[in-house]
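Enquirer: Before I ask anything, let me first share the structure, which is written out below as structure tokens.
Numbering (my numbering), first residue to last: 96 to 646.
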């Protein structure tokens, strides 16, 4: 890969590089942009560039604090940006969880070792800075409680910042200071109900892997504040990328983990590569998960980079892992079945490896659940239980398993589930909306596939009784109701939802933002065209969609 200077500070001009790089078509550029913005994990960055005065370079948060930290009467957007600047500054006293390079002018901001714990002076600075972040989010909530952030409105963001303080103190090893943040955290009752929905979806003594703030902080809060379902261990998958977070579970003896300290301490182990090596003949492409992890940790098949760094590598591009599951809690002779996990990416991050390690060492004693199906490694073995997903040995796509799944979902809705939905005024719950529609969609699809129209309509009307109107916060998730209502013969309601979504999509396409995403022109037209074709197949039409297509 070559490098070319594209801007000269000495000449104060850009250089023409058209002779060195092929010009992409407008369609290709839009596709690449869509992939980067929507699927590259860069929503947080997009939000940062969108809302924060200075963002994206090393030390940006110092400049934000310097210029705005002592100002009064800030706008809601500036309060948001300043609060996030303090969050990043707090992280710089620890392990630089938000990225960045160690500040040379402050010894307390030297990046800690991967398994190094902070001294009291550092912890005091972290608390001081997090408290300043909380103050800004309190101001934001007072100014505009409906202000939308990545996690929800300003009210929820304020709660999350208290819980961020709780989490940082826990990782620092100070449970007393952590509890102070937890006890002060202000949370509306609706989010407590949603946390209970998650916890009540799990069996006794479960391990539940979560993926974001809202499916983690609210659960921790309810467990600790109300002593509710503390038998469930909620592990945040993203935080598993921090060695100290993994070490915390070992230190407190909360579960079995086999990752060696030496593996955690070395930053090159943050990524494990899959690289085809035809010289290796002593390995099979089907291997036990336990043996696979041992090979990675030992670096038996490591790769040497151009600068001499040794990376953990597995010598096949694809591999199937076997994971034995036992009928009883005692792993003896009562072998039940193997779960076959397919790994087919070129690399896996340390949080992925840590998750596999936890599953490998605990699944025979504790049931494993996930709040999301985003990890395709387990796609064929995840069965929905309430609003979470359980890892099972059986293939979930068989008719027998589908029936079991749907019947248990119906029972969960009737006996345990309390829906938490965004409204048009003071409540935004992305998790509540997504899980609500998701659980009903599973039931709808099952009965439509069986051509049981009567039962399908019964459950559709149950949903409609709870959520008769789709608001702007819900329409992207709730858009599929257009199809379901039309299939149920309620065409007016189905058309209204289709038109509502089409208008939302047009607004998102013409005014892309971090919260709505980016739609390439080709995809935007494709979605509207497919919707229009479906309507025509039902002898229906929408002037709204046709007009938007013509635009």
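Yeah, the Cβ is synthetic: ideal placement off N, Cα and C, and Gly gets one too.
For residue 452 and residue 516, which I take to be in contact (beta-carbon distance under 8 Å), what is that distance rounded to the nearest angstrom?
Expert: Not a contact, Cβ separation roughly 37 Å.
Enquirer: I need the DSSP call for residue 514, collapsed to helix, strand or coil.
Expert: Coil, per DSSP.
Enquirer: Could you compute how far the alpha carbon of residue 317 sits from the alpha carbon of residue 323?
Expert: C-alpha separation (whole angstroms): 6 Å.
Enquirer: Could you spell out the range, first to last residue, of the alpha helix (DSSP H) harbouring residue 52?
Expert: Outside the displayed range of the chain (96 to 646) lies residue 52, so it cannot be described from this structure.
Enquirer: What does DSSP give as the partner residues of residue 243 in its beta bridges?
Expert: Residue 243 is bridged to 248.
Enquirer: Can you confirm whether residue 436, when its beta carbon is compared against all beta carbons of chain B, has any partner nearer than 9 Å?
Expert: Looking at the structure shown, chain B is missing, and only one protein chain is on hand.
Enquirer: Can you tell me where the beta strand (DSSP E) with residue 479 in it begins and where it stops?
Expert: Segment 477 to 480, the beta strand (DSSP E) holding residue 479.
Enquirer: Do you know offhand how far residue 112's Cα is from residue 278's?
Expert: Distance between the alpha carbons of residue 112 and residue 278: 58 Å.
Enquirer: Alpha carbon to alpha carbon, what distance is there between residue 184 and residue 71?
Expert: Coverage of the chain is limited to positions 96 through 646, which leaves residue 71 absent and any answer about it impossible.
Enquirer: Can you list the alpha helix (DSSP H) stretches of 4 or more residues lying completely in the segment 443 to 490, in chain order?
Expert: The qualifying runs are 445 to 457.
Enquirer: Using CA atoms only, rank isn't needed, just tell me which of 505, 519, 527 is closest to residue 550.
Expert: Comparing Cα positions, the closest option is 505.
Enquirer: Note down the Cα distance separating residue 574 from residue 561, rounded to an integer number of angstroms.
Expert: Distance between the alpha carbons of residue 574 and residue 561 is about 16 Å.
Enquirer: So residue 472 and residue 303 are in contact, right, with Cβ under 8 Å, and what is the actual spacing, rounded?
Expert: Between residue 303 and residue 472 the Cβ distance is about 17 Å, and since that is not below 8 Å, they are no contact.
Enquirer: In the DSSP assignment, find the unbroken beta strand (DSSP E) run with residue 331 in it and report its ends.
Expert: 328 to 331 is the extent of the beta strand (DSSP E) around residue 331.
Enquirer: Considering Cα atoms alone, identify which of 351, 217, 147, 362 is closest to residue 461.
Expert: Checked all of 351, 217, 147, 362; the closest Cα to residue 461 is 351.
Enquirer: Which runs of the alpha helix (DSSP H) at least 4 residues long sit entirely within the segment 128 to 181? Give them in chain order.
Expert: DSSP runs (the alpha helix (DSSP H)) wholly in the segment 128 to 181: 138 to 146, 155 to 163.
Enquirer: Going by CA-CA distance only, name the one from 213, 230, 129, 210 that's closest to residue 179.
Expert: Residue 230 is the option with its Cα nearest to residue 179.
Enquirer: Determine the DSSP secondary structure at residue 368, reduced to helix, strand or coil.
Expert: Reduced to three states, the DSSP call for residue 368 is strand.
Enquirer: What does a CB cutoff of less than 6 Å around residue 558 pick up in its chain, not counting 5 residues either side in sequence?
Expert: Once the five neighbours on either side are set aside, the close Cβ partners of residue 558 are 535.
Enquirer: Are the beta-carbon atoms belonging to residue 283 and residue 257 less than 9 Å from one another?
Expert: Not in contact: residue 283 and residue 257 (Cβ atoms no closer than 9 Å).
Enquirer: With 16 as the cutoff for other CB atoms within 10 Å, does residue 228 come out buried or exposed?
Expert: By the neighbour-count rule (16 or more Cβ atoms within 10 Å), residue 228 is buried.
Enquirer: When the Cα of residue 361 is compared with those of 445, 98, 238, which residue comes out closest?
Expert: Of the candidates 445, 98, 238, the one whose C-alpha sits nearest the C-alpha of residue 361 is 445.
Enquirer: Please list, in chain order, all residues of the same chain as residue 428 whose beta carbon is under 6 Å from its beta carbon, the five residues on each side excluded.
Expert: Note that residue 428 scores a pLDDT of 46, beneath 50, so its modelled location is shaky and nothing firm can be said.
Enquirer: Quick one: what's got a C-beta closer than 8 Å to residue 131's C-beta in the same chain, skipping five residues either side?
Expert: Excluding sequence neighbours, residue 131 sits near 137.
Enquirer: Report the residue from 197, 105, 306, 211 whose alpha carbon sits nearest the alpha carbon of residue 470.
Expert: That would be 306, whose Cα lies nearest to the Cα of residue 470.
Enquirer: State the Cα-Cα distance for the pair residue 133 and residue 438, rounded to the nearest angstrom.
Expert: If you take the alpha carbons of residue 133 and residue 438, they lie about 23 Å apart.
Enquirer: Can you name the residues that DSSP bridges to residue 382?
Expert: BP columns for residue 382 point to 416.
Enquirer: Please say whether residue 242 and residue 171 have beta carbons closer to each other than 9 Å?
Expert: Their beta carbons are under 9 Å apart, which means residue 171 touches residue 242 by this criterion.
Enquirer: On the DSSP bridge list, what partners appear for residue 406?
Expert: 398, per the DSSP bridge assignment.
Enquirer: Using C-beta distances below 6 Å, list every residue in its chain close to residue 426, excluding the 5 sequence neighbours before and after it, in chain order.
Expert: For residue 426, the predicted structure reports a pLDDT of 47, less than 50, and the residue's modelled location is therefore unreliable. The matter cannot be settled from this model.
Enquirer: In whole angstroms, what separates the C-alpha of residue 394 from that of residue 510?
Expert: Roughly 50 Å separates the two Cα atoms.
Enquirer: Using the Cα positions of residue 463 and residue 297, report the straight-line distance between them to the nearest angstrom.
Expert: Residue 463 and residue 297: Cα-Cα distance of roughly 9 Å.
Enquirer: Looking only at its own chain, which residues have a Cβ that is under 7 Å from the Cβ of residue 643, when we skip the five neighbours before and after it?
Expert: If we look at residue 643 and ignore the five residues flanking it on each side, its Cβ neighbours are 597, 601, 623.
Enquirer: Excluding the 5 residues preceding and the 5 following residue 585 in the sequence, name in chain order all residues of the same chain whose CB lies nearer than 7 Å to its CB.
Expert: Result list for residue 585: empty, nothing under 7 Å.
Enquirer: Could you check whether residue 368 and residue 408 sit closer than 9 Å to each other, using their CB atoms as the reference points?
Expert: Closer than 9 Å, so yes.
Enquirer: Measure the C-alpha to C-alpha separation of residue 514 and residue 346 and round it to an integer number of angstroms.
Expert: Rounded to whole angstroms, residue 514 to residue 346 spans 37 Å at the Cα level.
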